[in-house]
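Under our numbering, the first residue of the sequence shown carries the number 1197, and numbering increases by one thereafter. For every residue, glycine included, the Cβ atom is placed at its ideal position computed from N, Cα and C. These numbers were taken from a predicted model, which means no experiment stands behind them.
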Amino acid sequence: MRKNSRQLLIGLVVVCLVLVTSYLLGTSGWPFRNNSTDVAFRNAFPLAVAESVAQKETQDDIASSRENAITRAVRKVSPAVVGINVTEVREYVDPFFQFFGDDPFFRRFFGDRTIRQKVRALGSGFVISPDGYIVTNDHVAGNAAEITVTMTSGKRVSARLIGTDPVTDVALLKIDGDNLPYLGLGNSDETVVGEWAIAFGNPFGLFEINDKPTVTVGVISSTQMNLGRVDNRLYRDMIETDAAINGGNSGGPLVDAHGDVIGVNTLIFTGGQSSTYVGYGFAIPINRVKKVVAELKRSGKVDRDVSVGFQVQDVDLRIARILGLPRAAGVIISEVVRGGAADKAGLQEGDVILEVNGQGIGSELDLYTLLTDAKPGDVWRMKIFRSQKTITITMNLQRRTS
1197 MRKNSRQLLI GLVVVCLVLV TSYLLGTSGW PFRNNSTDVA FRNAFPLAVA ESVAQKETQD
1257 DIASSRENAI TRAVRKVSPA VVGINVTEVR EYVDPFFQFF GDDPFFRRFF GDRTIRQKVR
1317 ALGSGFVISP DGYIVTNDHV AGNAAEITVT MTSGKRVSAR LIGTDPVTDV ALLKIDGDNL
1377 PYLGLGNSDE TVVGEWAIAF GNPFGLFEIN DKPTVTVGVI SSTQMNLGRV DNRLYRDMIE
1437 TDAAINGGNS GGPLVDAHGD VIGVNTLIFT GGQSSTYVGY GFAIPINRVK KVVAELKRSG
1497 KVDRDVSVGF QVQDVDLRIA RILGLPRAAG VIISEVVRGG AADKAGLQEG DVILEVNGQG
1557 IGSELDLYTL LTDAKPGDVW RMKIFRSQKT ITITMNLQRR TS
């Protein structure tokens, strides 16, 4: 009798263990796994069930609490960011023959001593249309012989250069595709100093490691920054941000908290001999990029074949005193081309241009900056200082004839 009781007890223990194990494993193949078993387990172990439910709710709460505008923007933008690898063919003159220049006598005996070398570089870009148009910097892909684009899917595809504009440092690429993820272009004129700014890109080639862009976050530090000429490129109205930008980030998008592109990451300020980020990065405002991209898509270049028909120089303190200007500002016309746009408008040598279409002119660079956006047929309404008076003259810009 005692032996039978012991066997019965062991059997009950085994059944209980099977029930518990079946529930925990959640395997429908176990013979005792059914709804009644679940109810029995919950009734038998209410504390364990409560702790399990509470733990799951806590994990969901944590995940929800981590969700914010920035994480949403990153999730929205990342699929349309690409890494760009380019191969350029650069030409060098054999150093031994640089002394002789392009002397035909030496070329006759030694031939062309130009050395052509392949140089590899990398950068970033972003897709702006479902059919595969990609924006990047001219200094990334403008001189490329070969361009390879890496998508976040890991796919690597060849891209072709549609057009490039060295002046504004914008290039437009195209890859074959349909229904590709792409980014919405925002309004850079509405950016506010202090709002969130998120930079995406391929710094130091890190995109190649896991096929994902690197993300850095900061704020808009300043807007309408005129940096002047850098390597024969003109950087005006730039957006400054403290979101970290380094080598390889060039061409990537700078977006706001909504995930809309407000600029193209382009250059940084560096300290001493360093070429890495020290706190200040700059992006081309997307409103300027939109205009350039439209022209590149249409004709492959930006038409700047425009003539104003005059030569100018900066007004210094000496010129200002001679002319009776209250301060050294504007540019003075030193020469007027006969029959040109300025001549037809009635401009004269000695006139000082103070303003064009409501924008103050402080130097030759300001005037040159306006010309980068000018087209033949545009109208300039200019404020001119002449003979101690300020007058207004309207000039129609002409196409350059030679």
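Alpha carbon to alpha carbon, how far is Lys1579 from Val1460?
-> Within the sequence shown, the letter at position 383 stands for residue 1579. Within the sequence shown, the letter at position 264 stands for residue 1460. Spanning the two alpha carbons is a distance of roughly 34 Å.
Is the region 1481 to 1496 close to the region 1320 to 1331, with three or more CB pairs under 8 Å?
-> yes
Using 8 Å as the Cβ pair cut-off and three pairs as the minimum, do the region 1443 to 1454 and the region 1391 to 1402 touch?
-> yes
Determine the closest residue to Trp1392 out of Pro1409, Leu1381, Val1415 and Asp1385, with distance taken between C-alpha atoms.
-> What you label residue 1392 is simply residue 196 of the sequence shown in a count that begins at 1. Of the listed residues, the one whose Cα sits closest to Trp1392 is Val1415.
Going straight from the alpha carbon of Leu1492 to that of Phe1581, what length do you get?
-> Walking along the sequence shown from the start, residue 1492 turns up at place 296. Walking along the sequence shown from the start, residue 1581 turns up at place 385. If I take the Cα positions, the gap works out to 38 Å.
Going by the CB atoms, is the gap between Gly1321 and Ser1278 shorter than 8 Å?
-> Along the sequence shown, one-based indexing puts residue 1278 at 82. Along the sequence shown, one-based indexing puts residue 1321 at 125. Residue 1278 is actually Val in this sequence, not Ser. Yes, they are a contact pair.
Note the first and the last residue of the continuous alpha helix (DSSP H) segment covering Thr1267.
-> Here the question's residue 1267 lines up with position 71 in the sequence shown. Its alpha helix (DSSP H) spans residues Ala1265 to Val1273.
Along the alpha helix (DSSP H) that carries Tyr1564, what are the first and last residues, could you check?
-> Locating residue 1564 in the sequence shown gives position 368, counting from the first residue. Start and end: Glu1560 to Thr1568.
Whole-angstrom Cβ separation of Tyr1378 and Ile1458, contact assumed at under 8 Å?
-> By 1-based counting over the sequence shown, the position of residue 1378 is 182. By 1-based counting over the sequence shown, the position of residue 1458 is 262. That belief does not hold up - the Cβ atoms of Tyr1378 and Ile1458 are roughly 16 Å apart, past 8 Å.
Is the beta carbon of Leu1381 less than 8 Å from the beta carbon of Asp1456?
-> In the sequence shown, counting from the first residue as 1, residue 1381 sits at position 185. In the sequence shown, counting from the first residue as 1, residue 1456 sits at position 260. Yes, they are a contact pair.
Would you say the region 1565 to 1578 touches the region 1587 to 1594, given that touching needs at least three Cβ pairs under 8 Å?
-> yes
Closest by CA to Gly1373, which one among His1454, Ala1525 and Met1347?
-> Sequence index remark: in the sequence shown, residue 1373 carries index 177 (1-based). The residue with the shortest Cα to Cα distance from Gly1373 is Met1347.
Inspect the beta-carbon positions of Ser1530 and Glu1551 and report whether they are closer than 8 Å.
-> In the sequence shown, the residue the question calls residue 1530 occupies position 334. In the sequence shown, the residue the question calls residue 1551 occupies position 355. Not a contact, by the Cβ cut-off of 8 Å.
Assigned secondary structure, Glu1391 (DSSP; H/G/I helix, E/B strand, else coil) | In the sequence shown, residue 1391 corresponds to position 195, counting from 1. In this structure, Glu1391 counts as coil in the three-state DSSP scheme.
Span separating the alpha-carbon of Leu1423 from that of Phe1465 | For the purposes of this step, residue 1423 is identified with residue 227 of the sequence shown, where counting begins at 1. For the purposes of this step, residue 1465 is identified with residue 269 of the sequence shown, where counting begins at 1. Taking the straight line joining both Cα atoms gives about 11 Å.
Cβ shell of Gln1420 (< 6 Å), same chain only, five flanking positions each side left out | In the sequence shown, residue 1420 corresponds to position 224, counting from 1. Once the five neighbours on either side are set aside, the close Cβ partners of Gln1420 are Asp1433.
Rounded to whole angstroms, what's the CA-CA distance from Val1389 to Gln1555? Just pull it up for me.
-> Within the sequence shown, the letter at position 193 stands for residue 1389. Within the sequence shown, the letter at position 359 stands for residue 1555. Distance between the alpha carbons of Val1389 and Gln1555 is about 22 Å.
Does DSSP put Arg1425 in a helix, in a strand, or in coil?
-> On the sequence shown, position 229 is the one that residue 1425 refers to. Reduced to three states, the DSSP call for Arg1425 is strand.
Ser1354 bridges to which residues according to DSSP?
-> Position 158 of the sequence shown, counting from 1, holds the residue named residue 1354. Looking at the DSSP assignment, Ser1354 forms a beta bridge with Thr1344.
For the candidate residues Leu1450, Val1426, Leu1430 and Asp1574, whose alpha-carbon lies nearest to that of Glu1436?
-> Position 240 of the sequence shown holds residue 1436. The option with the nearest alpha carbon to Glu1436 is Leu1450.
Give me whichever residues DSSP pairs with Glu1404 in a beta bridge.
-> Taking the first residue of the sequence shown as 1, we reach residue 1404 at position 208. In DSSP, Glu1404 forms no bridge with anything.
Roughly how many whole angstroms lie between the Cα atoms of Arg1596 and Ala1340?
-> To locate residue 1596, count along the sequence shown from 1; it is residue 400. To locate residue 1340, count along the sequence shown from 1; it is residue 144. Distance between the alpha carbons of Arg1596 and Ala1340 is about 29 Å.
In whole angstroms, what separates the C-alpha of Pro1522 from that of Asp1512?
-> Translated into positions along the sequence shown, residue 1522 becomes position 326. Translated into positions along the sequence shown, residue 1512 becomes position 316. The alpha-carbon atoms of Pro1522 and Asp1512 are separated by roughly 12 Å.
Could you have a look at Ile1580 and say whether DSSP puts it in helix, strand or coil?
-> Mapped onto the sequence shown, residue 1580 falls at position 384. Under the three-state reduction of DSSP, Ile1580 is assigned to strand.
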